[in-house]
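Per our numbering, the sequence shown runs over residues 610 to 1235. Only one structure is covered here, and it is reproduced in the block below.
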Amino acid sequence: MRMSSLAAGPAESPRPWRVPVVEAFHDVAVLATGQVPVAELLRLIGRRMCELLALHRCSVYLRREDGTFQGQVGFCAAGEVIDGRVSRLVSGTAADQFTAEILRSMSPVVLQDDPRDPRLLRRVMRIWGVRDMLGIPLVVADDVIGIVYVDNQGHHRTYTRQDIQVAQAFAGLVAPIVHLASQLARRTAHGDAVEGRLVVLSRSDAVRSAIDDAAAGVGSDAATLVRVLGSSLDRPAAHYDADLRRVEYDAPHTGPAHPSAGACRGPLATWPRAVTRRLDAGEPFVITPAGPAWPHRTMVVPLLTRGERLGYVQVCETGRPFDRVDVSALTHASATIGLASLLDRRAALGAAARLDDLMTEISRPHPDPRRLCAVADRAALDPDRRHGIVYLDRTAAGHPTDGSDGVSPAERLEALRSILSTHTGNLRSLVVVASTSLGPADVILFSVACTGADTATTQDALIRSVSGALPTLAAMLDVRFVVVSAPQPDLVDLPGAVEDARHLVEAVVAAGMPPQVLDLEGGAVLRLAHRRGALGDAIEHARRVLRPLTDYDAAHGGALVRTLDAYLDAGMSRRSAATALGVHENTVGYRLGRIRDLSTVDPDDLDDLIRARTALQLLAASPNPI
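Structure, rendered in structure tokens:
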């Protein structure tokens, strides 16, 4: 290839080409006053340059900060769109001697085809079908700010002195316009970028402030912070623990833009393992693509506190694409939520330890009532709910009960709670509070929101639910007998309920009864008949049955026990009982209602009245009657 610098020398006069050049410049100047995009301005310059020189193709480049020139736009007289191809090209590299000559001479340079030239430039020209090319610099203040390359698209062209004069004159006229338009575009872009950064900072600060305010609030926890994060970003958000189990999910809205189903709801383990590997390798966040299991892209950050991986937080890309606000807010929230997760875990461990202490007290045969109440207060049991026990016995299974069967007590208790929770789902007010292992048996403490009138109904429903679970309990955990107590009005009655349940199982096993679920109160006669020293045990049982009433009478100067006794003596006639007590019939009705609320005795239930009559008779025969 042969290159020749063609600086314009003295020209013949007159110059007939001056009018077309001025007209072309006028078109460019008029377009520039409209504040059009630089690319549109450059495309007009390239087109007019081709028209002035009667050529078919051109490409326009602008200088970059590193001194090379980046392709911007192209023009092809045949109508072919070449902007995309041109924008991927860079001229002025070390191997590009053609552009180097243009920069040295700051004047048009012709490149003519030469088959003997082995340089890289020949390969590029062959790809583009260039036979001869003219490079025209755009010069402003002795500085080349851009270059226009023109050729005849596959055909030879001989460039005359007049061609050079036309190209140089037109380039000299439009170069200042290109320079000013480029500077204005850069300043506008910079201003837009600054404004965009300010908007991002403002939105990021708002989200961070919302999270920080929530973290500083009383009673805030990781679940609260995840909900605040999702609401602030207006995206579904989820929290997973270190074992990839979902802990919390929150979708601020529903509808097409914010579907509440599908997004962020699958298990984290369904993600490609590469996601967690990248996070483990130290990446601050990972964006996962949408797929069959995930209808939206998701952004995931790890929860790290003091070098410990506590879990993950995930938000879903719904409504709008992810941006820097999401990245900033999520990375900031991860530290706050991680700390809250650590505090939640410590609180849970503390709560679990307090519940363990409570179960230890309940499992004692004869605990100190004051100590039991103090431990229950520390465990934060709800005083407005009644508590009962489910006693699950494995003594008749014929298998080890000391853990040598390969199942740890903790694993067995977790399985028990899971099975019972599944089968008692219809008892919406029932909550499994705690559990403990007593060697051959396990005790689960539950609570229900019920009044005295509802205790029998609640116990019957619980017995039915546990009966449905008994085959699973037997198959998985060797449970043979289950004893369910009524919800007790006072926690101090629970240790006696545990002891009575143990004695009842001993009685049914001795009697050769098949595995079943037993009503603790209904099995009192069988239990007492089985025990040695039955009278002493019977009297102690009677005291437990009537203790809520005797305690109330002692504290308030009441007559609930006398009223119950009179009601039974009168054959369950309120009027006769009122006459015997010397009070109004409504007073008897009120007292019977208090008996129902305070104890496990329902004056309208025949079985309860039989228990109460037996208890009153036993206490009347005891050395220390009521």
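Each residue gets a CB set at the ideal place from its N, CA and C atoms; glycine is no exception.
Kindly give me the distance between the Cβ atoms of residue i and residue j, rounded to whole angstroms, as I take these residues to be in contact under 8 angstroms.
i, j, result
"T1081", "I1028", "6 angstroms"
"G1167", "Y1161", "6 angstroms"
"A823", "V837", "4 angstroms"
"L1190", "A1221", "Incorrect: roughly 17 angstroms between the Cβ atoms, too far for contact."
"I711", "V719", "Wrong, their Cβ atoms sit about 10 angstroms apart, outside the cutoff."
"G891", "L913", "Incorrect: roughly 10 angstroms between the Cβ atoms, too far for contact."
"A831", "S950", "4 angstroms"
"P598", "V1101", "Residue 598 lies beyond the residue range present for the chain, which begins at 610 and ends at 1235; the question has no answer from this structure."
"A938", "L1036", "Actually they do not touch by this definition, with Cβ atoms about 41 angstroms apart."
"I820", "A942", "5 angstroms"
"V884", "V909", "6 angstroms"
Looking only at its own chain, which residues have a Cβ that is under 6 angstroms from the Cβ of residue i, when we skip the five neighbours before and after it?
i, result
"P893", "T940"
"G701", "T677, F678, T708"
"A846", "V835, L838, G839, D859, V924"
"L1225", "D1174"
"A878", "Low confidence applies here, because A878 scores a pLDDT of 47, under 50, leaving its location unreliable and the question unanswered by this model."
"E970", "P976, L981, V984"
"D1069", "none"
Mind checking residue i: buried by the 16 CB within 10 Å criterion, or exposed?
i, result
"D734", "Reading off the sequence, residue 734 comes out as Met, not Asp. Under this definition M734 is a buried residue."
"M1085", "exposed"
"D751", "exposed"
"P876", "Confidence in P876 is poor, its pLDDT being 47 and thus under 50, which makes the residue's placement unreliable; the coordinate value appears in the next sentence. P876 should be labelled exposed."
"N1195", "exposed"
"S818", "exposed"
"V645", "exposed"
"I896", "exposed"
"G693", "exposed"
"Q792", "exposed"
"A703", "exposed"
"P974", "exposed"
"A1237", "Here the chain has residues from 610 to 1235 only, and residue 1237 is not among them."
"L729", "With a pLDDT of only 45 at L729, under 50, the local geometry of the prediction cannot be trusted, and the value read off the model is given with reservation. Flag for L729 reads exposed."
"D1216", "exposed"
"I736", "exposed"
"S668", "buried"
"S605", "The first residue shown for the chain is 610 and the last is 1235, placing residue 605 beyond what the model contains."
"D705", "buried"
"G744", "buried"
"R766", "buried"
"G1132", "buried"
"I1219", "exposed"
"A1019", "exposed"
Excluding sequence positions up to five away, which residues of its chain have a Cβ less than 7 angstroms from the Cβ of residue i?
i, result
"A1058", "R994, S1038"
"L967", "V984, A985, A988, A1043"
"V1092", "Y1000, A1110, L1113, V1114, L1127, L1129"
"V1041", "R1026, L1029, S1030, I1053, F1055"
"G864", "In this prediction, G864 scores a pLDDT of 42, lower than 50, which makes its location untrustworthy; the coordinate-derived value is nonetheless stated afterwards. Correct list: empty, nothing qualifies."
"V749", "A784, P785, H788"
"L662", "V759, D772, V775, A776"
"H1266", "Because residue 1266 is not part of the residues shown, which for the chain are 610 to 1235, the question remains open."
"A794", "V647"
"H1193", "A1187"
Here's a check: name, in chain order, each residue in its chain whose Cβ is nearer than 8 angstroms to the Cβ of residue i, leaving out the five neighbours to either side.
i, result
"L1169", "L1158, Y1161, D1162, R1200, R1203, I1204, L1207"
"R796", "none"
"I786", "V637, A638, A641, L650"
"Q1097", "R995, H996, G997, L1103, A1106, T1209"
"C685", "H665, R666, I691, Q762"
"R1021", "S1046, D1051, L1086"
> Can you find at least 3 beta carbon pairs, one from the segment 630-650 and one from the segment 780-798, that sit closer than 8 angstroms?
Replying inline: Yes: the two stretches touch, three or more of their Cβ pairs being nearer than 8 angstroms.
>> Whether or not the segment 749-762 and the segment 671-682 are in contact is what I'm after, with contact meaning three or more pairs of Cβ atoms, one per stretch, closer than 8 angstroms; do they touch?
In response: yes
> Touching or not, the segment 1151-1166 and the segment 1207-1214, by the rule of three or more beta carbon pairs under 8 angstroms?
Replying inline: yes
> What are the start and end residues of each continuous beta strand (DSSP E) run of 3 or more residues lying completely inside the segment 814-863, in chain order?
Replying inline: Runs of the beta strand (DSSP E) inside the segment 814-863: 846-850, 855-859.
>> Below 8 angstroms, how does it come out for the segment 921-931 and the segment 951-958: are there three or more Cβ pairs, yes or no?
In response: no
> For the segment 1112-1129 against the segment 1066-1081, are there 3 or more C-beta pairs whose distance is under 8 angstroms?
Replying inline: Contact between the segment 1112-1129 and the segment 1066-1081 is present, because at least three Cβ pairs lie under 8 angstroms.
> Would the segment 843-853 and the segment 916-923 be scored as touching if the rule is three or more Cβ pairs under 8 angstroms?
Replying inline: yes
>> Please give me, in chain order, every unbroken run of the alpha helix (DSSP H) with length at least 4 that falls completely inside the segment 729-790.
In response: 729-737
> Which full runs of the alpha helix (DSSP H) of 4+ residues lie inside the segment 951-1004, going along the chain?
Replying inline: Counting only runs of 4 or more, we get 978-987.
> Which runs of the beta strand (DSSP E) spanning at least 3 residues fall entirely within the segment 1096-1164, listed in chain order?
Replying inline: 1125-1128
> What are the complete alpha helix (DSSP H) segments, minimum 4 residues, inside the segment 637-708?
Replying inline: 647-662, 692-696
> Which runs of the beta strand (DSSP E), 3 residues or longer, sit entirely within the segment 919-943?
Replying inline: none
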